[in-house]
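So the sequence lines, in the order shown, correspond to chains A and B.
Okay, so the first sequence: first residue is 1 according to my numbering, each after it adds one.
Okay, so the second sequence: first residue is 1001 according to my numbering, each after it adds one.
Idealized CB from N, CA, C, for every residue including glycine.
Fair warning: this is a prediction, and the values are worked out from it, not measured in the lab.
Taking it in order: structure first as structure tokens, then the write-up.
Number of protein chains: 2
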Amino acid sequence: MSDGVHLKPELPLVLSRYRDVMDLALKDAISDRSIFLYDMLRYCMGWSDTNGVPLEAEKGKGIRPSLCLFTCEALGGDIGKALPAAVSLELIHNFSLIHDEIQDSDEIRHHRPTLWNVWGIPKALVAGNVMRVLADRSMFTMPSDDPKLLSASSLIVSEACLEMIEGQYMDISFEGGNSIGVDQYMKMISHKTGALLRSSVHIGAIIGSRGGRVADTFREIGVKLGFMFQIKDDILGTWGDTASTGKPVGSDIRRKKNTLPIIHARESQTQTYQEEISELYSMESIQDHHVDRVLDILDATEARHYCQGLVEDYALDVSKDIQNIGFSKNSREEFQELVSFLVDRSF
Amino acid sequence: MSDGVHLKPELPLVLSRYRDVMDLALKDAISDRSIFLYDMLRYCMGWSDTNGVPLEAEKGKGIRPSLCLFTCEALGGDIGKALPAAVSLELIHNFSLIHDEIQDSDEIRHHRPTLWNVWGIPKALVAGNVMRVLADRSMFTMPSDDPKLLSASSLIVSEACLEMIEGQYMDISFEGGNSIGVDQYMKMISHKTGALLRSSVHIGAIIGSRGGRVADTFREIGVKLGFMFQIKDDILGTWGDTASTGKPVGSDIRRKKNTLPIIHARESQTQTYQEEISELYSMESIQDHHVDRVLDILDATEARHYCQGLVEDYALDVSKDIQNIGFSKNSREEFQELVSFLVDRSF
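Put into structure tokens, the structure is as follows:
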């Protein structure tokens, strides 16, 4: 199979090992009903073009299902048991992407037009909602010999989903507002990005270890991974290379997103920087030279250094957490490779 | 309590009896989290104004939860057990309304601006999604002494939700298309409207009777109630009185909706009518005199008589079904009153 040809060379083992099994399970979950709606979902997943003709486009990293399956397996669990939850998590992630793209008017993802951009808002909205129901449906395929596992996992995913949506609301509410501090930002990303990532690790640990203290530790690890992931995303959205990220340089600045680099610069001691960013962000549209000026201010306030430092702090923390939770030496090394990837990734 | 003051005088007992208990349970489900998002949900439910200040606005008929609780109770079940599912069904219905209004660009519901009309599409989209998660959450509050009941009910609601969304997709796909026949229309409404109504009666029967053949019969009754309900809605959307429906006269014609009256007229023997409607529906915008002309054609093809006849046929069918399914004489009479209301309602 040629899955993920664009990404594989750089992906750590944890993110590549389960790609084939996940792809099969996801294709099974997005069943072949006869209405075109399901072709829209397959397009979203990178499996077909806008006419429903199969192809292999660039895919997401699949970090949520991989984390779920890896955690389960590394704790001695059966990944078959965790697969329905892993599929559910990936579908919920895609549901959120489809709706997010509508909300943010994002026209491109992974170098391809977004769903609303191809089919309009009404159909894209419906496609997102179907993705969400298919996620629920996948959960119902969990082994029925342990109904408590199903209800516990469903409850965790449901709560994560609620937090994620609340986070999206906070994010929208913040847009254009100039007074957001680091604390509010951290709360927002812990909801918008962190909740689902956290639940991936948490559910994997519950299925792998049958709950208890180990699962709680993994929940905490998941929280930290969520922060790492989003802050790194902010770095890439500001300084990332177009060819790697699939987004234009400074794309978050053009969209006047309140990312951590911007919030850090605003909270800097230098009053003029604060005012200048507020002024630039209150403009109708942001031009190339405005982007350059914002990047200069971010340089002057060492915003990149600050953000990358936070990512590395979380990485160090997680690396410590992982020492005493029953992983084999091999699993620890694999997890460490993943953590290093999250610190250094360019896409 | 002054709930439903606009509606109560005309509502049959089945739709008024559970209003207070439902209102309390719904208010409990839409908990008081601190972000404004939840005020949007309360506005949607008719409990508060756009600033979050409590008021009593016109509410929906609550037909889904009422059907669920009534069926359960009339079969000898405990409505306390069915309440979480009833709440879930009403929240899913409201989730679908919020997203439907975005898709159809509807500006008014129950004489008040719709959510996207007040807060914009991004926030309304999120509000709909939260409503959906709260629906799931409500299901989790079902009595845990019977985990099979929870998983059976969840599965039914989930499948109904999927069908409903597929129906929304069909509806959007049909818009502007001229070649939709009665068969396609019936399939679309059985998904879009029928699935959730069907599941309301079905789940009520399962909880009230512990499943079996009775529940299957109620599932079929639910299918027929769904057709009755939507065809009557089409009649009201075409000929309804603004003061009763809260929508402008001929509102479905102005929106070029492929309602049953229109499809019936198109399938009439008279070629000129077919062409004229196709021509009117392909115009950029529909003016008052166009609406009048469509109404004339609907008169000439006896569309109203045809649609009302179908509603009455289903009503007769359901009235027969209800004779031998273990209802008391009193429950049969109450159900019959509901059926008559669905045939004759003006809102």
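Give me the chain D residues within the contact set of Asp1136 of chain B, using Cβ-Cβ distance strictly less than 7 Å, ordered along the chain. Absence of chain D from the displayed structure is noted, the protein chains being A and B.
Secondary structure of Ile1108 of chain B, DSSP reduced to three states: Indexing the second sequence from 1 puts residue 1108 of chain B at position 108. Residue state, collapsed to three classes: strand.
Check whether the Cβ of Asn51 of chain A lies closer than 8 Å to any Cβ atom in chain B. Taking the first sequence and counting its residues from 1, the one referred to as residue 51 of chain A is at position 51. False, the Cβ-Cβ gap to chain B never drops below 8 Å.
Determine the direct distance from the alpha carbon of Gln271 of chain A to that of Met1131 of chain B, and round the result to whole angstroms. What you label residue 1131 of chain B is simply residue 131 of the second sequence in a count that begins at 1. What you label residue 271 of chain A is simply residue 271 of the first sequence in a count that begins at 1. For Met1131 of chain B and Gln271 of chain A, the distance between alpha carbons rounds to 42 Å.
Does Val318 of chain A come within less than 8 Å of chain B when only Cβ atoms are used? As a first step, residue 318 of chain A must be located in the first sequence, where it is residue number 318. It does not: the Cβ of Val318 of chain A has no partner Cβ on chain B nearer than 8 Å.
Against chain A, with Cβ distances strictly below 8 Å, would Met1170 of chain B count as a contact? Within the second sequence, numbered from 1, the residue matching residue 1170 of chain B stands at position 170. Chain A contact via Cβ: present.
Contact defined as beta carbons within less than 8 Å: I believe His99 of chain A pairs with Asn1330 of chain B. What is the distance between those atoms, to the nearest angstrom? Here residue 99 of chain A corresponds to residue number 99 of the first sequence, with the count starting at 1. Here residue 1330 of chain B corresponds to residue number 330 of the second sequence, with the count starting at 1. Contact flag wrong, Cβ pair sits at about 47 Å.
Where does Ser209 of chain A fall in DSSP's three states? Translated into positions along the first sequence, residue 209 of chain A becomes position 209. Helix.
Gly1004 of chain B, DSSP secondary structure in three states: By 1-based counting over the second sequence, the position of residue 1004 of chain B is 4. Residue placement at Gly1004 of chain B is flagged as unreliable, the pLDDT there being 40, under the threshold of 50; the coordinate-derived value follows with that caveat. Reduced to three states, the DSSP call for Gly1004 of chain B is coil.
Given a threshold of 16 other Cβ atoms within 10 Å of its Cβ, counted over all protein chains shown, does His1191 of chain B qualify as buried or as exposed? Stepping through the second sequence from its first residue, residue 1191 of chain B is reached at position 191. Classification of His1191 of chain B: buried, given that the 10 Å Cβ count is 16 or more.
Pull up the DSSP beta-bridge partners for Pro54 of chain A, would you. Start at 1 with the first residue of the first sequence, and residue 54 of chain A comes out as number 54. Paired residue(s): A:Ser48.
In or out: Val1294 of chain B buried (at least 16 other Cβ within 10 Å) or exposed? Translated into positions along the second sequence, residue 1294 of chain B becomes position 294. Looking at its Cβ environment, which holds 16 or more other Cβ atoms inside 10 Å, Val1294 of chain B is buried.
When you compare each of A:Glu163, A:Val311, A:Val249, A:Glu284 to Ile1035 of chain B by their alpha carbons, which one comes out closest? The residue you call residue 1035 of chain B lines up with position 35 of the second sequence. Taking only the C-alpha atoms, the option nearest Ile1035 of chain B is A:Glu163.
Report the rounded CA-to-CA distance for Lys1061 of chain B versus Met1283 of chain B, giving the unit in angstroms. Locating residue 1061 of chain B in the second sequence gives position 61, where the first residue counts as 1. Locating residue 1283 of chain B in the second sequence gives position 283, where the first residue counts as 1. Their backbone Cα atoms lie some 34 Å apart in a straight line.
Continuous alpha helix (DSSP H) stretch holding Asn330 of chain A: start and end: Numbered from its first residue, the first sequence carries residue 330 of chain A at position 330. Its alpha helix (DSSP H) spans residues 329-344.
Tell me the DSSP secondary structure of Pro1084 of chain B in three-state form. Against the second sequence, residue 1084 of chain B aligns to sequence position 84. Note: Pro1084 of chain B maps to helix in three-state DSSP.
Cβ-Cβ distance between Arg1345 of chain B and Lys1257 of chain B below 8 Å: By 1-based counting over the second sequence, the position of residue 1345 of chain B is 345. By 1-based counting over the second sequence, the position of residue 1257 of chain B is 257. No, Cβ-Cβ distance for Arg1345 of chain B and Lys1257 of chain B is not below 8 Å.
Would Asp351 of chain A and Thr193 of chain A be called neighbours here (beta carbons separated by less than 8 Å)? Because chain A is modelled from 1 through 347, residue 351 of chain A falls outside the range shown and cannot be assessed.
Within the chosen definition, does the segment 1135-1142 of chain B reach the segment 1084-1098 of chain B through at least 3 CB pairs nearer than 8 Å? yes
Within chain B, partners of Gln184 of chain A - CB distance below 9 Å: The residue you call residue 184 of chain A lines up with position 184 of the first sequence. Residues of chain B passing the Cβ test: none, with the nearest at roughly 12 Å.
Any beta carbon from chain B within less than 8 Å of Phe140 of chain A's own beta carbon? The residue you call residue 140 of chain A lines up with position 140 of the first sequence. Under the Cβ criterion of 8 Å, Phe140 of chain A is counted among the residues facing chain B.
Residue burial classification, Leu269 of chain A (beta-carbon count within 10 angstroms, cutoff 16): Here the question's residue 269 of chain A lines up with position 269 in the first sequence. For clarity, residue 269 of chain A is Gln in the given sequence; the question names Leu instead. The residue in question, Gln269 of chain A, is exposed, as its Cβ has fewer than 16 Cβ neighbours within 10 Å.
Helix, strand or coil for Pro1113 of chain B per DSSP? Indexing the second sequence from 1 puts residue 1113 of chain B at position 113. In this structure, Pro1113 of chain B counts as strand in the three-state DSSP scheme.
Indicate whether at least one CB of chain B lies closer than 8 Å to the CB of Asn129 of chain A. The count along the first sequence starts at 1 and reaches residue 129 of chain A at position 129. Taking Cβ atoms only, chain B reaches closer than 8 Å to Asn129 of chain A, which makes this a yes.
Consider the Cβ of Lys27 of chain A: report whether some Cβ of chain B lies at a distance smaller than 8 Å. If you number the first sequence from 1, residue 27 of chain A lands on position 27. With respect to chain B, the C-beta atom of Lys27 of chain A has no partner C-beta closer than 8 Å.
First and last residue of the uninterrupted alpha helix (DSSP H) at Ser14 of chain A: Start at 1 with the first residue of the first sequence, and residue 14 of chain A comes out as number 14. The sequence given here has Val at residue 14 of chain A, not Ser. Run containing Val14 of chain A: 13-16, per the alpha helix (DSSP H) assignment.
Compare the C-beta of Lys1192 of chain B against all C-beta atoms of chain A and say whether one is closer than 8 Å. For the purposes of this step, residue 1192 of chain B is taken as the residue at position 192 of the second sequence. It does not; no Cβ of chain A falls within 8 Å.
How is the alpha helix (DSSP H) around Asn1129 of chain B delimited, first residue to last? Taking the first residue of the second sequence as position 1, residue 1129 of chain B is located at position 129. Where Asn1129 of chain B is concerned, the enclosing alpha helix (DSSP H) stretches over 1121-1139.
Quick one: is Val126 of chain A near chain B, going by C-beta distance under 8 Å? As a position in the first sequence, residue 126 of chain A is number 126, starting the count at 1. At least one chain B Cβ lies under 8 Å of Val126 of chain A.
State yes or no: is the beta carbon of Lys123 of chain A nearer than 8 Å to at least one beta carbon in chain B? If you number the first sequence from 1, residue 123 of chain A lands on position 123. Contact with chain B is found for Lys123 of chain A, since one of that chain's Cβ atoms lies less than 8 Å from the residue's Cβ.
Where do the N-terminal and C-terminal ends of the alpha helix (DSSP H) with Phe1174 of chain B fall, by residue? Taking the first residue of the second sequence as position 1, residue 1174 of chain B is located at position 174. From DSSP, the alpha helix (DSSP H) with Phe1174 of chain B extends over 1147-1174.
Can you grab the Cα-Cα spacing for the pair Asp1020 of chain B / Leu1069 of chain B, in whole Å? Position 20 of the second sequence holds residue 1020 of chain B. Position 69 of the second sequence holds residue 1069 of chain B. Whole-angstrom Cα-Cα distance: 13 Å.
Comparing alpha-carbon positions, which option in A:Leu15, A:Val182, A:Leu225, A:Arg112 lies nearest Leu316 of chain A? Counted from its first residue, the first sequence places residue 316 of chain A at position 316. It is A:Leu225.
Kindly indicate which three-state DSSP category Asn258 of chain A falls into: helix, strand or coil? What you label residue 258 of chain A is simply residue 258 of the first sequence in a count that begins at 1. Of the three classes helix, strand and coil, the one that applies to Asn258 of chain A here is coil, per DSSP.
If distances are taken between C-alpha atoms only, which option among B:Glu1276, B:Phe1229, B:Phe1327 comes closest to Val1214 of chain B? Taking the first residue of the second sequence as position 1, residue 1214 of chain B is located at position 214. Answer by Cα proximity: B:Phe1327.
Separation of Leu1280 of chain B from Ala1265 of chain B, as counted between CA atoms: As a working mapping, residue 1265 of chain B is identified with position 265 in the second sequence. As a working mapping, residue 1280 of chain B is identified with position 280 in the second sequence. So the alpha carbons of these two residues sit roughly 13 Å apart.
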